[in-house]
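Participant: Before anything else, here's the structure in question.
Protein chains: 2
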Amino acid sequence: MRRVNVPLAGRSYSIYAGQGLLARLGEHCRRLRLGERCAVLTDRNVEPLYAGRALDALRAAGFDPLLVTVPAGEGAKHLKVVAQCYDQLAAHRLERRSFVVALGGGVVGDLAGFVAATFLRGIDFVQVPTTLLAQVDSSVGGKVGVNLRAGKNLVGAFHQPRVVLCDLDTLASLPDREYRAGLAEVIKYGIIRDARLFGLLERRMPGLLRREPALLSDVVVRCCRIKADVVGADETEGGVRAILNFGHTLGHALEAVSRYGRYLHGEAISIGQVLAARLSSENLGLPHREASRIVRLFEAAGLPVEVRLNRSQRRALVDAMRHDKKVSGGVVKFVLAPRLGEARYGIALATEQVERAIAEAGKVASWRR
Amino acid sequence: MRRVNVPLAGRSYSIYAGQGLLARLGEHCRRLRLGERCAVLTDRNVEPLYAGRALDALRAAGFDPLLVTVPAGEGAKHLKVVAQCYDQLAAHRLERRSFVVALGGGVVGDLAGFVAATFLRGIDFVQVPTTLLAQVDSSVGGKVGVNLRAGKNLVGAFHQPRVVLCDLDTLASLPDREYRAGLAEVIKYGIIRDARLFGLLERRMPGLLRREPALLSDVVVRCCRIKADVVGADETEGGVRAILNFGHTLGHALEAVSRYGRYLHGEAISIGQVLAARLSSENLGLPHREASRIVRLFEAAGLPVEVRLNRSQRRALVDAMRHDKKVSGGVVKFVLAPRLGEARYGIALATEQVERAIAEAGKVASWRR
Numbered sequence: 001m002r003r004v005n006v007p008l009a010g011r012s013y014s015i016y017a018g019q020g021l022l023a024r025l026g027e028h029c030r031r032l033r034l035g036e037r038c039a040v041l042t043d044r045n046v047e048p049l050y051a052g053r054a055l056d057a058l059r060a061a062g063f064d065p066l067l068v069t070v071p072a073g074e075g076a077k078h079l080k081v082v083a084q085c086y087d088q089l090a091a092h093r094l095e096r097r098s099f100v101v102a103l104g105g106g107v108v109g110d111l112a113g114f115v116a117a118t119f120l121r122g123i124d125f126v127q128v129p130t131t132l133l134a135q136v137d138s139s140v141g142g143k144v145g146v147n148l149r150a151g152k153n154l155v156g157a158f159h160q161p162r163v164v165l166c167d168l169d170t171l172a173s174l175p176d177r178e179y180r181a182g183l184a185e186v187i188k189y190g191i192i193r194d195a196r197l198f199g200l201l202e203r204r205m206p207g208l209l210r211r212e213p214a215l216l217s218d219v220v221v222r223c224c225r226i227k228a229d230v231v232g233a234d235e236t237e238g239g240v241r242a243i244l245n246f247g248h249t250l251g252h253a254l255e256a257v258s259r260y261g262r263y264l265h266g267e268a269i270s271i272g273q274v275l276a277a278r279l280s281s282e283n284l285g286l287p288h289r290e291a292s293r294i295v296r297l298f299e300a301a302g303l304p305v306e307v308r309l310n311r312s313q314r315r316a317l318v319d320a321m322r323h324d325k326k327v328s329g330g331v332v333k334f335v336l337a338p339r340l341g342e343a344r345y346g347i348a349l350a351t352e353q354v355e356r357a358i359a360e361a362g363k364v365a366s367w368r369r
Numbered sequence: 001m002r003r004v005n006v007p008l009a010g011r012s013y014s015i016y017a018g019q020g021l022l023a024r025l026g027e028h029c030r031r032l033r034l035g036e037r038c039a040v041l042t043d044r045n046v047e048p049l050y051a052g053r054a055l056d057a058l059r060a061a062g063f064d065p066l067l068v069t070v071p072a073g074e075g076a077k078h079l080k081v082v083a084q085c086y087d088q089l090a091a092h093r094l095e096r097r098s099f100v101v102a103l104g105g106g107v108v109g110d111l112a113g114f115v116a117a118t119f120l121r122g123i124d125f126v127q128v129p130t131t132l133l134a135q136v137d138s139s140v141g142g143k144v145g146v147n148l149r150a151g152k153n154l155v156g157a158f159h160q161p162r163v164v165l166c167d168l169d170t171l172a173s174l175p176d177r178e179y180r181a182g183l184a185e186v187i188k189y190g191i192i193r194d195a196r197l198f199g200l201l202e203r204r205m206p207g208l209l210r211r212e213p214a215l216l217s218d219v220v221v222r223c224c225r226i227k228a229d230v231v232g233a234d235e236t237e238g239g240v241r242a243i244l245n246f247g248h249t250l251g252h253a254l255e256a257v258s259r260y261g262r263y264l265h266g267e268a269i270s271i272g273q274v275l276a277a278r279l280s281s282e283n284l285g286l287p288h289r290e291a292s293r294i295v296r297l298f299e300a301a302g303l304p305v306e307v308r309l310n311r312s313q314r315r316a317l318v319d320a321m322r323h324d325k326k327v328s329g330g331v332v333k334f335v336l337a338p339r340l341g342e343a344r345y346g347i348a349l350a351t352e353q354v355e356r357a358i359a360e361a362g363k364v365a366s367w368r369r
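So the sequences go chain by chain: P and Y. For the first sequence, position 154 (counting from the first letter as 1) is numbered 154 according to this note's numbering, and the numbering increases by one without interruption. For the second sequence, position 268 (counting from the first letter as 1) is numbered 268 according to this note's numbering, and the numbering increases by one without interruption.
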């Protein structure tokens, strides 16, 4: 078991990564002196796999857990589901000292975190991410929230977990497509902050796709350390934290336009990062060779790197970007990389340039060579 | 115009109280460098009276305000209304630098504050309270939220306003019953923190009921100062802030049991404070004479001091108290006053004692003599 600290004045917490952590959930909660009554929030896919173990571990440590199961998929990040969760917590009489355990992927973490952030004006919560994407990204940093029809994550809060337990064993049950989607965030850390990690991923992608435990553990911990660093420097995204959104402006728009159905988040930001690499070359001089390495690494991970859209679809996409939370004064700002391992945020680009880049994104396979 | 500072590290703000402040709303927002796009959230009662002036003031200062009108009354503190507000803010493309103006009473402030606390993970908001209760209590301190069927304010956040503008002119349009309800919170400050204020209220109640401007201004500022002091010492109610809940445990339960229909909040906490005075005499030795003065002052303000309930209604009331956010480990804790001008919090009482006191609350008129 390895540990990463997230340094936040007064609300610091630890991320643990290792095998068999789910069985130690109760013990960790006990050490944090959390209240007796609690809720384990999970989805219909994860429930049959891990909910029993989580509840047992909590009961063995003297807690009184309620199980709350929501539908699987992005659709659960909806205000109606939030309202149903509140009602269940109220019926189980959760109190101010009570806590919520998020057991599942990014959707469960975002939803459970938002419920915890707002129930009784905020109660504690614990993240037990069971997908690669959630372990390296969404479970760390305190961004929680749900979607509106107008866009993704438009409602939410900053609410830090008390502890994050990344049980690597839970990744074994992850469908291949979801595992690969998680790799899109892993690759992102290499691009924005760690050229050596990027190189490791290039060399060891086959082993990583086989989910070799030692390699996986190393990669998860390195990603968490980068995220913890960035979040520790800028908790509420006043500045540098924005670099974590590399590829996300287009990615979110793509998810919104396709109504969160066609692409997994990781797939959408894979395409988004390839576009961001292209815009980085055009605007910040990212060497062509490095942009090509980026495209090839996403391809090696089995992720989509291009999208073919007609003109009205492109328009809808650009329109969706204007709805992004990161918009300020009507200008869409991007995170771009001047070189592998470094990112700059707040780069305003003309709508026309973005539209043109999207139009040519269909030809990325030719462009990257 | 007088000014009270609310001292909160990094998020300090000012409360202004005086006449003609609504016309200066835009100017205040400009000084705080808030973003151009904004929303004025108000209810159907307040809209025809003051929304035009608020919008004009904002437009004159260069802002682009959207008007959002919700139904009047406690029923608006509902998640469905929250969702409707989000959709309107998204359609008007509010951004991270945008802000929400809460124009109305406590319900509007709580609702608008919660919307602002959670839209785009939190945007700025400005309080323009137009009722006495909101001016002296709910607009200050950052407690925002909505109700669940299971209880009042069970969902919410701590989200401090950037400024509070108490325009005393707006109190002129307040129905008499609502004005008196606001006096219940005014009297509370005297009981828990300021025996001299209590004495002033005893002497000047007729003038206060006539809404004499100089007296009203003095009283509003004194109350805001007390609230600012308490909130500054304990923003998130870890300790002393709890004294502000004097009379509220029973008051909230009474509102919940009567489905927020029969009593205004101020009326419910008037009855709650009389009960708390009784429990204070029994448990902390509050002199009988002072308890009587408390009852008489609420009566002088034209507020209800007793409630007649049958046995099953009493049971429902005690049950509702157990649902209160302030419950910990299943024990109902009270705020009680050992003497006028001082309060203690976290006093655990046996359910039987509370039930008996409620049973005798119907006879309070005889008890107080």
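Think of the CB as a built atom: it goes at the ideal place given N, C-alpha and C, for glycine as much as any other residue.
Among P:Asp64, P:Gly106, P:Ala350 and P:Glu360, which has the Cα closest to the Cα of Gly75 (chain P)?
Facilitator: P:Gly106
Participant: Is the separation between the beta-carbon of Leu132 (chain Y) and that of Val220 (chain Y) shorter than 9 Å?
Facilitator: yes
Participant: Just to confirm the assignment: which complete beta strand (DSSP E) runs, minimum length 3, are found wholly within the segment 41–120 of chain P?
Facilitator: 64–70 and 99–104
Participant: Using three-state DSSP, classify Ala365 (chain Y) as helix, strand or coil.
Facilitator: At Ala365 (chain Y), the pLDDT of 44 sits below 50, so the modelled position is not reliable; the number obtained from the coordinates is stated separately. In the structure shown, Ala365 (chain Y) sits in a helix (DSSP, three-state: H, G or I).
Participant: If Val331 (chain Y) sits next to Ala348 (chain Y), beta carbons under 8 Å apart, how far is it from one beta carbon to the other, in whole angstroms?
Facilitator: 5 Å
Participant: Name the two residues that bound the continuous alpha helix (DSSP H) containing Asp319 (chain P).
Facilitator: Arg311 to Arg322
Participant: Strictly below 9 Å CB to CB, what residues from chain Y border Phe158 (chain P)?
Facilitator: Arg121 and Gly122
Participant: Classify Arg31 (chain P) as buried or exposed, calling it buried when 16 or more other Cβ atoms lie within 10 Å of its own Cβ.
Facilitator: So Arg31 (chain P) counts as exposed.
Participant: Can you check whether the C-beta of Asp87 (chain P) is within less than 9 Å of a C-beta belonging to chain Y?
Facilitator: yes
Participant: Tell me the rounded alpha-carbon separation between Ile187 (chain Y) and Leu22 (chain Y).
Facilitator: 26 Å
Participant: If we ignore side chains and look at the alpha-carbon of each, how far apart do Gly113 (chain P) and Gly145 (chain P) end up?
Facilitator: Approximately 7 Å between the Cα atoms of the pair.
Participant: Evaluate Arg180 (chain P) with the Cβ neighbour count: other Cβ atoms within 10 Å of its Cβ, from every protein chain shown; 16 or more gives buried, anything less gives exposed.
Facilitator: Residue environment for Arg180 (chain P): buried (at least 16 other C-beta atoms within 10 angstroms of its C-beta).
Participant: Taking the straight line between their C-alpha atoms, what separation do you get for Ile192 (chain P) and Lys143 (chain Y)?
Facilitator: 38 Å
Participant: Within 10 angstroms of its Cβ, does Arg149 (chain Y) collect 16 or more other Cβ (buried), or is it exposed?
Facilitator: exposed
Participant: Please confirm if Phe198 (chain P) has its CB atom under 9 Å from at least one CB of chain Y.
Facilitator: no
Participant: Jot down the residue ranges of each uninterrupted alpha helix (DSSP H) in the segment 225–261 of chain P, minimum 4 residues, whole runs only, in chain order.
Facilitator: With a minimum length of 4 residues, the continuous alpha helix (DSSP H) runs that stay inside the segment 225–261 of chain P are 248–257.
Participant: Rounded to whole angstroms, what's the CA-CA distance from Arg203 (chain P) to Asp56 (chain P)? Just pull it up for me.
Facilitator: 40 Å
Participant: Helix, strand or coil for Gln273 (chain Y), going by three-state DSSP, please let me know.
Facilitator: helix
Participant: Can you tell me where the beta strand (DSSP E) with Pro161 (chain P) in it begins and where it stops?
Facilitator: Premise fails: Pro161 (chain P) is in no beta strand (DSSP E) and is neither H nor E.
Participant: Report the rounded CA-to-CA distance for Pro213 (chain P) versus Pro206 (chain P), giving the unit in angstroms.
Facilitator: 13 Å
Participant: Apart from the five residues just before and just after Gly238 (chain Y), which ones in its own chain have a Cβ nearer than 6 Å to its Cβ?
Facilitator: none
Participant: So, are the CB atoms of His28 (chain P) and Leu215 (chain P) less than 9 Å apart?
Facilitator: no
Participant: I think Val82 (chain P) touches Leu41 (chain P), with their Cβ atoms under 8 Å apart; what is that distance to the nearest whole Å?
Facilitator: Going by Cβ atoms, the distance from Val82 (chain P) to Leu41 (chain P) rounds to 11 Å, so no, they are not a contact pair.
Participant: May I ask you to report which of helix, strand or coil DSSP gives Arg3 (chain Y)?
Facilitator: strand
Participant: Looking at C-alpha atoms only, which residue of P:Asp234, P:Ser98, P:Asp169 and P:Asn45 is the closest neighbour of Asp64 (chain P)?
Facilitator: Of the candidates P:Asp234, P:Ser98, P:Asp169 and P:Asn45, the one whose C-alpha sits nearest the C-alpha of Asp64 (chain P) is P:Ser98.
Participant: Find the residues of chain Y that neighbour Lys143 (chain P), judging by a C-beta separation of less than 8 Å, and give them in chain order.
Facilitator: Arg121
Participant: Could you tell me the distance, in whole angstroms, from the CA atom of Glu352 (chain Y) to the CA atom of Leu89 (chain P)?
Facilitator: 27 Å
Participant: Need the endpoints of the beta strand (DSSP E) that Asp124 (chain P) sits in, please.
Facilitator: Asp124 to Pro129
Participant: Output yes or no for whether 9 Å exceeds the beta carbon distance between Leu25 (chain Y) and Leu58 (chain Y).
Facilitator: yes
Participant: Taking only three categories from DSSP, how would you classify Tyr189 (chain Y)?
Facilitator: Three-state result, Tyr189 (chain Y): helix.
Participant: Grab me the residues of Leu94 (chain Y)'s own chain with a C-beta within less than 6 Å of its C-beta, minus the 5 sequence neighbours each way, in chain order.
Facilitator: Scanning its chain for C-beta atoms nearer than 6 Å, with the 5 sequence neighbours on each side dropped, one finds around Leu94 (chain Y) the residues Arg37, in chain order.
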